[in-house]
Amino acid sequence: MVTGVLNTKPQCPSCKAVVDGYTSVNCEGTPEPGDITICVYCNSILQFDSNMKMILASHEVIEECGLLEISRAQNRARRFKADVDFVKSIKEVLGDE
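Right, dumping it as structure tokens:
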């Protein structure tokens with residue numbers, strides 16, 4: 569798994585969250601135009617356009633990726649968000665922001 573910070577700060581078209589990082593589950597490095605991603609905040613299936621802006625993935629793209637693969641990625645995104653939320657809550661309790 570590869571993680572990093574995005575040079576651009578794209579916004580999810582569904583929930584409007586600004587996304588500043590990535591985790592590549594296929595270990596192929598940084599996202600590129602055309603790559604598929606899952607919003608960690610709302611679990612929408614997105615695609616990077618030619619300007620690295622996030623757009624909703626079309627039904628055709630989703631079918632190409634395979635529903636099982638997407639479902640697994642969405643589950644990983646849910647677990648990641650739960651872990652992040654847990655760490656934030658611990659920091660709040662400890663007063664460590």
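FYI, the working numbering numbers position 41 of the sequence shown as 609, with every residue one higher than the one before it. A virtual CB, placed ideally from N, CA and C, is assigned to each residue, including glycine.
Residues that residue i bridges to, as DSSP identifies them
i, result
"Ile-604", "Gln-615"
"Gln-642", "According to DSSP, which records beta bridges pairwise, Gln-642 is partnered with nothing at all."
Run of the beta strand (DSSP E) containing residue i, from where it starts to where it stops
i, result
"Val-587", "Unbroken run through Val-587: none, as it is neither H nor E."
"Leu-624", "622-624"
"Gly-519", "No information on residue 519 is available, as it lies outside the stretch 569 to 665 that the chain covers here."
For residue i, the first and last residue of its enclosing alpha helix (DSSP H)
i, result
"Glu-631", "627-633"
Anticipated Cβ contact below 8 Å, residue i with residue j, distance rounded
i, j, result
"Pro-601", "Met-620", "6 Å"
"Thr-576", "Tyr-590", "Not quite, the Cβ-Cβ distance comes to about 11 Å (not below 8 Å), so this is no contact."
Any non-hydrogen atom of the ligand FAD closer than 8 Å to residue i Cβ
i, result
"Glu-600", "In terms of ligand content, the structure shown is empty, and the ligand FAD therefore cannot be addressed."
TODO: Examine the Cβ distances between the segment 573-581 and the segment 609-616 and report whether three or more of them are shorter than 8 Å.
DONE: Touching, yes.
TODO: Pair every Cβ in the segment 588-607 with every Cβ in the segment 640-655, then say whether three or more of these pairs are closer than 8 Å.
DONE: With a cut-off of 8 Å on Cβ pairs, the segment 588-607 is in contact with the segment 640-655, counting three or more such pairs.
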